[in-house]
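What follows is a single structure, written as structure tokens, with notes after it.
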Amino acid sequence: MKIIVTGGAGFIGSNFVYHMLNKYPEYEIICVDNLTYAGNLSTLQEAFKNEKFSFHKVDIADRNAVFSLFEEVRPDIVVNFAAESHVDRSIENPSIFVDTNISGTVVLMDASIKYGVKRYHQVSTDEVYGDLPLDKPELLFTEETPVKTSSPYSSSKASADLFVHAYNRTYGLPITISRCSNNYGPNHFPEKLIPLMIINALNDKPLPVYGDGQNVRDWLYVEDHCEAIDLIIHDGKIGEVYNVGGHNEMANIDIVKLICKTLDKPESLITYVNDRKGHDRRYAIDPTKIHSELGWLPKTNFENGIQKTIQWYLDNRDWWEEIISGDYQNYYKEMYSNR
Ligand code: NAD
Ligand code: TDX
Numbered sequence: 074m075k076i077i078v079t080g081g082a083g084f085i086g087s088n089f090v091y092h093m094l095n096k097y098p099e100y101e102i103i104c105v106d107n108l109t110y111a112g113n114l115s116t117l118q119e120a121f122k123n124e125k126f127s128f129h130k131v132d133i134a135d136r137n138a139v140f141s142l143f144e145e146v147r148p149d150i151v152v153n154f155a156a157e158s159h160v161d162r163s164i165e166n167p168s169i170f171v172d173t174n175i176s177g178t179v180v181l182m183d184a185s186i187k188y189g190v191k192r193y194h195q196v197s198t199d200e201v202y203g204d205l206p207l208d209k210p211e212l213l214f215t216e217e218t219p220v221k222t223s224s225p226y227s228s229s230k231a232s233a234d235l236f237v238h239a240y241n242r243t244y245g246l247p248i249t250i251s252r253c254s255n256n257y258g259p260n261h262f263p264e265k266l267i268p269l270m271i272i273n274a275l276n277d278k279p280l281p282v283y284g285d286g287q288n289v290r291d292w293l294y295v296e297d298h299c300e301a302i303d304l305i306i307h308d309g310k311i312g313e314v315y316n317v318g319g320h321n322e323m324a325n326i327d328i329v330k331l332i333c334k335t336l337d338k339p340e341s342l343i344t345y346v347n348d349r350k351g352h353d354r355r356y357a358i359d360p361t362k363i364h365s366e367l368g369w370l371p372k373t374n375f376e377n378g379i380q381k382t383i384q385w386y387l388d389n390r391d392w393w394e395e396i397i398s399g400d401y402q403n404y405y406k407e408m409y410s411n412r
């Protein structure tokens, strides 16, 4: 089995690469990533020791490069993680989200058709459903919830999903889509809430909480997401969407306070800053379908997962110190000074 994993040098993709290499030693894992600011080869250094792993620096929106790669590799399965993934960056510069998240998906599917790929899996997000109110906790996103996006990021992901459905219906491409809630765990780029707060707290820097801090996200440990995708590509029904989430809703402020407590840092570091434009209030996934059809259940609860994650950042200072010493400084200044 040959599996192309795009975006494998990023957060979830790299965790998926390791998950697959460990679980299926006979599979070939071909990582495709053009190493944007979010891609990091050092994350894959253990994978490079495995002869079943290979890496190709390719932009998924580069049609010629993608077709040459498919000609060479002849993959059985494509799992597309590659994306611009940060909502705040999409608000500043939407057009790259169109190029990678929409055009890149279309190029990958065109190549998948030409080279007879047996399964094209699109890694999507719960953000395509928009948001839910805080005062109706009984409401959850199901696969039937209408797509109604808020940010340029979520709009680009939703557009890609529509193309994926169209490629199934029009050309018969065998597709599946997963829509997962917020992930956390090792290798998470420090622009995102949990790693940003851990790293700032370790450096005794202010912890910038947007708005009133009451926005709710449904957090899932990254390995549980990887297992869900593994199940879907092997046993999921062609043409179907699967929501993935662990019934673990938390307000941002509670997460930040928990990080302070675990690292023994004062809550006085918490600084409320101007809200994100169009900020989604609450996400919450109903994972009944993937549970009943494929038997998936999350294995790591939040208490354990967050402790493992914090420990990972304590044990891997070199990894994140390298990242935050580069371009990240400019990004941070632009995003957070005068906020
Ligand atoms: P990430 O930003 O950490 O990693 C993205 C990776 O894609 C990077 O390695 C980057 O170099 C690569 N990439 C970007 N543009 C590319 C291009 N044009 N060609 C090739 N490679 C390119 O993102 P992540 O958090 O790991 O998210 C992975 C996928 O999962 C995304 O599709 C995202 O929408 C989806 N998702 C993420 C979450 C989450 O909580 N992080 C939740 C649900 C869904
Ligand atoms: O500095 C911050 N302060 C803050 O209060 C940051 C970076 C975030 N936040 C808030 C905004 C959100 O309510 O924390 C929450 C989580 O923010 P992010 O980590 O940026 O994630 P989110 O916007 O929820 O999107 C994530 O989950 C769905 C991923 O980045 C997406 O790729 C995925 O699709």
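Residue numbering for the sequence shown follows my numbering, starting at 74 and increasing by one per position. Glycine included, every Cβ here is placed at the ideal spot set by N, Cα and C.
Three-way DSSP call (helix, strand, coil) for Ala184 in this model: helix
From Thr28 to Lys265, what does the alpha carbon distance come to, in whole angstroms? No statement about residue 28 is possible, as the shown extent of the chain runs from 74 to 412 and does not include it.
The alpha helix (DSSP H) spanning Asn153 covers which residue range? Unbroken run through Asn153 is the beta strand (DSSP E), 150-153; no alpha helix (DSSP H).
Alpha carbon to alpha carbon, how far is Asn288 from Gly351? The alpha-carbon atoms of Asn288 and Gly351 are separated by roughly 12 Å.
On the criterion of 16 or more Cβ atoms from any shown chain inside 10 Å, does Tyr257 qualify as buried, or is it exposed? buried
Cβ-based neighbour list, Lys221, same chain, cut-off 6 Å, excluding 5 preceding and 5 following: Gly203
Pop quiz: Ile358 and Ser254 are said to be a contact at Cβ under 8 Å. What is the actual Cβ separation, rounded to whole angstroms? 5 Å
Could you tell me the boundaries of the alpha helix (DSSP H) in which Asn389 lies? It is not in any alpha helix (DSSP H) - Asn389 carries neither H nor E in the DSSP assignment.
Identify, in the order they occur along the chain, each residue of the same chain with its Cβ nearer than 7 Å to the Cβ of Ile370, setting aside the five sequence neighbours on each side. Per the sequence shown, residue 370 should be read as Leu rather than Ile. Cβ neighbours of Leu370 beyond the five flanking positions: His364.
Is Ile76 near Ile150, with beta carbons less than 7 Å apart? A distance below 7 Å separates the beta carbons of Ile76 and Ile150.
Which whole-angstrom value is the C-beta distance of Asn241 and Gly312, which I expect to be below 8 Å? 5 Å
How many angstroms separate the CA atom of Met323 from the CA atom of Ser168? 31 Å
Quick one: using the 10 Å Cβ neighbour count with 16 as the cut-off for buried, is Pro339 buried or exposed? Label assigned to Pro339: exposed.
How long is the line joining the alpha carbons of Phe140 and Asp183, rounded to whole angstroms? 9 Å
Here's the rule I'm using: 16 or more other beta-carbon atoms within 10 Å means buried, otherwise exposed. How should Phe262 be labelled? buried
Would you decide whether Thr116 is buried or exposed? Buried here means 16 or more other CB atoms lie within 10 Å of its CB. buried
Just checking, does the segment 207-215 make contact with the segment 159-173 on the three C-beta pairs under 8 Å criterion? no
Is the beta carbon of Ala134 less than 7 Å from the beta carbon of Asp172? yes
Please identify the residue among Asn276, Arg252, Leu275 whose C-alpha is closest to the C-alpha of Leu293. It is Arg252 whose Cα lies nearest to the Cα of Leu293.
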